[in-house]
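The listed protein sequences correspond, in order, to chains A and B. When we follow my numbering, the leftmost residue of the first sequence carries the number 592, and every step to the right adds one. When we follow my numbering, the leftmost residue of the second sequence carries the number 689, and every step to the right adds one. Note that beta-carbon positions come from the ideal geometry of N, C-alpha and C, so glycine has one too.
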Amino acid sequence: MSTSSKAPPGHFKILYFGPAENHTSKSSEDLPAPLPIAKLFSTLEEKYGGIKANLLESCLITVNLEYVDIPENENDEGMVIQEGDEVAIIPPVSSG
Amino acid sequence: MEVATQSAEALKRQIATTEEELKRLKEQLAVVEAQSSIEKAVDGLELGAGPVTTGKWPLELEEYKRYGRQMIVPSIGIQGQLRLKAASVLIVGAGGLGCPAAAYVAGAGVGTLGIVDGDTVETSNLHRQILHNTAKVGMKKVDKIVEKYDLVLDCTDHPTSRYLISDICILLCKPLISASALRTDGQLIVLNSPPLPTGDASGGPCYRCVFPKPPPAESVVSCGDGGILGPVVGTMGVLQALEAIKLITSGKLLAREGEKADDASMLLFSANSNPPFRSVRLRARRAKCFACSAEGGLTLEGLSSGSLDYVLFCGVTTPVKILEPEERIEAREYERILKEGNRRDHLLVDVREKVQFDICSIEGSVNVPFSTLQGSGGLAAEGEMPAWIPEALPSDAPIYLVCRLGNDSQIIARKLKENGLGKDSRYIGDLKDGLKAWKEQVDNSWPEY
Chain A
592 MSTSSKAPPG HFKILYFGPA ENHTSKSSED LPAPLPIAKL FSTLEEKYGG
642 IKANLLESCL ITVNLEYVDI PENENDEGMV IQEGDEVAII PPVSSG
Chain B
689 MEVATQSAEA LKRQIATTEE ELKRLKEQLA VVEAQSSIEK AVDGLELGAG
739 PVTTGKWPLE LEEYKRYGRQ MIVPSIGIQG QLRLKAASVL IVGAGGLGCP
789 AAAYVAGAGV GTLGIVDGDT VETSNLHRQI LHNTAKVGMK KVDKIVEKYD
839 LVLDCTDHPT SRYLISDICI LLCKPLISAS ALRTDGQLIV LNSPPLPTGD
889 ASGGPCYRCV FPKPPPAESV VSCGDGGILG PVVGTMGVLQ ALEAIKLITS
939 GKLLAREGEK ADDASMLLFS ANSNPPFRSV RLRARRAKCF ACSAEGGLTL
989 EGLSSGSLDY VLFCGVTTPV KILEPEERIE AREYERILKE GNRRDHLLVD
1039 VREKVQFDIC SIEGSVNVPF STLQGSGGLA AEGEMPAWIP EALPSDAPIY
1089 LVCRLGNDSQ IIARKLKENG LGKDSRYIGD LKDGLKAWKE QVDNSWPEY
């Protein structure tokens, strides 16, 4: 996968690591920005039914390589993902 | 003659039982011996702790030769080498991560190296019936072992052991280097560094700070099911050894007065990605962390008494039992159907992923991977036939599902029925115990992978 390319104008890039890639069948994609971080999970749930409970809730989420907390309530204030940002969905991998 | 055969049979059975018993006893002995050799190694360290000086130089002459190239690296030096010699490192798990990690930790001249595997915290036991007992016995032993070491490397393969080891390291103030690998991806985190007591916000985050919620048990994929590349897991194990050497030689095994955590980070390795390495910045300890915050409920007493159930916390996968007995056929029964009938009289659908189907498949079977049948994909709208059903197939022709072990096939069989493919009194069922049974009952030349 080539994840180094930038998202087109009006979009942010989202990277799916490890098991997340299997869930979405892609390693990355571009989604419309801006998007409040509190709405990230519901946005992905709409695209990939079941992803929230099966994957996202146990994941580490980063924006521009920095850890972010996802507000529990969708209407809570929180950071807003901006155009050109890079979001990563990092599920725990436990095997070895 | 018949009597003789019978008594020979009886003797054979008795031999098999006795051999089984002997094997079990040998395994128990090995565990006891491994345990006592670890204890011995640790006792040895306690006696000779600190740099050993024989004569005017702090290291043996041979050690100067052996570690010379490492010692002249500016960040190591003689001080770093002496710290390595005085250090004790515990590696939990002696598999794909633990073996390379152990080789490089030992090769760097670490004074005491402990490796725990087998029944002590063998997480492959967690898939067995006796899982509760095993996990709790393991817990009691592990905290006693960890106590005797300066640094822990988590090289295990299951969420249960990862949370347990992290909790113990928090309670005993030991830094922890945790790595994992699956398919072409790996993760590496240095946790609890500096290793400050519970409630001290300046300490490094723990595994629970990074992953407070375990993944659903059904979603946990082992290397056996998901696959793994040797160099990927090897890379992660070697990187663990590197982080261990860095921590030891920079004198970070114990927290220094007033020390605050540097920004903790997680290193992500994706062999097929560009760039293949990414480092993400993590936060400090989580304010409400169950293990390392002042508000958390974790105590050494709670842990050793076994009141914390890690197996329950991470969830248990129970064997899939969706179909009724009449919805399942034995592999040998399918072979009979194949021999007697016309191939067009039925359809055998193999729901393994394509990479596995390509390795080996039953002649005439159609591959419809499990993943493509997840969600709404792979199935046509109500009343229509999915594209993978041949047009020539009569509407009442049976559909048999098969997979590797007979779990996914049940899920899909049920799903096809719910989707209405079973109307017109069509039989939909699966091959019990999957291709494993096919090898056992029908074709012993089948390549099991």
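Sequence-distant Cβ neighbours of A/Ile-680 in its own chain, meaning closer than 6 Å and more than five residues away, are Tyr-607, Ala-611, Cys-650. Separation of A/Lys-617 and B/Ser-992 (C-alpha to C-alpha, rounded to the nearest whole angstrom) is 43 Å.
Nearest Cα to B/Cys-843 within the set B/Gly-802, B/Pro-883, B/His-1034, B/Lys-832: B/Gly-802. Closest by C-alpha distance to A/Asn-655, out of A/Lys-604, A/Asn-666, A/Glu-665, is A/Lys-604. With a cut-off of 8 Å on Cβ pairs, the region 1084-1095 of chain B is in contact with the region 1116-1124 of chain B, counting three or more such pairs. For B/Gly-781, the closest Cβ of chain A is nearer than 8 Å.
The three-state reading of DSSP puts B/Phe-1058 in helix, counting H, G and I together.
If you look at B/Ser-868, you'll find it isn't in any alpha helix (DSSP H); it sits in the beta strand (DSSP E) that goes 864-870. The beta carbon of B/Tyr-851 is closer than 8 Å to those of Tyr-895, Arg-896, Pro-902, Tyr-998, Phe-1001, Cys-1002 in its chain, skipping five residues each way along the sequence. Interface criterion not met: the Cβ of B/Arg-1102 is under 8 Å from no Cβ in chain A. Under the three-state reduction of DSSP, A/Tyr-607 is assigned to strand. For B/Asp-838, no alpha helix (DSSP H) segment is defined, and its DSSP state is neither H nor E.
Under a 10 Å Cβ-count criterion, B/Asp-855 is classified as buried, with 16 or more other Cβ atoms of the shown protein chains found around its own Cβ. For B/Ala-796, the number of other beta carbons within 10 angstroms of its own is at least 16, and it is reported as buried. For B/Thr-987, the secondary structure class from DSSP, reduced to helix, strand or coil, is coil. C-alpha of B/Ile-764 to C-alpha of B/Leu-770: approximately 9 Å in a straight line. The closest CA to that of B/Val-1130, considering only B/Phe-965, B/Tyr-752, B/Glu-1018, B/Ile-933, is found on B/Glu-1018. Nearest to A/Glu-657 by alpha-carbon distance, out of A/Leu-622, A/Glu-663, A/Ser-685, A/Met-670, is A/Met-670. By the CB criterion at 8 Å, A/Pro-682 and A/Leu-646 fall inside the cutoff.
Taking 8 Å as the cut-off, the Cβ atoms of B/Ile-1050 and B/Trp-1126 count as close. Within the region 1109-1120 of chain B, not one residue has a Cβ closer than 8 Å to any Cβ of chain A. With a cutoff of 8 Å on beta-carbon distance, B/Arg-969 and B/Pro-893 are scored as not near each other. With a threshold of 8 Å between beta carbons, A/Val-678 makes no contact with chain B. The residue from B/Leu-941, B/Gly-946, B/Met-924 with its alpha-carbon nearest to that of B/Ala-959 is B/Met-924. The region 1078-1089 of chain B makes contact with the region 1102-1121 of chain B; the number of CB pairs closer than 8 Å reaches 3 or more. Closer than 8 Å to the CB of A/Tyr-658 there is at least one CB belonging to chain B. The beta carbons of B/Lys-940 and B/Pro-882 sit closer together than 8 Å. For A/Pro-623, there is no enclosing alpha helix (DSSP H); the enclosing beta strand (DSSP E) has its first and last residue at 619-623. A distance below 8 Å separates the beta carbons of B/Ile-858 and B/Thr-886.
Rounded to whole angstroms, B/Val-920 and B/Glu-697 show a C-alpha spacing of 49 Å. Non-local beta-carbon contacts of A/Ala-598 in its own chain, meaning distances under 7 Å to residues more than five positions away in sequence, involve Lys-604, Asp-621, Gly-675 in chain order.
Using a Cβ-Cβ cut-off of 8 Å, A/Ser-633 does not count as an interface residue toward chain B, since no Cβ of chain B sits closer than that to its own. According to the DSSP assignment, B/Phe-1001 belongs to the alpha helix (DSSP H) that extends over 998-1002.
Ranked by Cα distance from B/Leu-1104, the first of B/Leu-1067, B/Glu-1128, B/Ile-766, B/Ala-790 is B/Leu-1067.
Taking B/Lys-948 as reference, the option from B/Asp-888, B/Ile-833, B/Glu-989 with the minimal CA-CA separation is B/Asp-888. Within chain B, the C-beta atoms nearer than 9 Å to that of A/Asn-645 come from Pro-903, Pro-904, Glu-906, Ser-907, in chain order.
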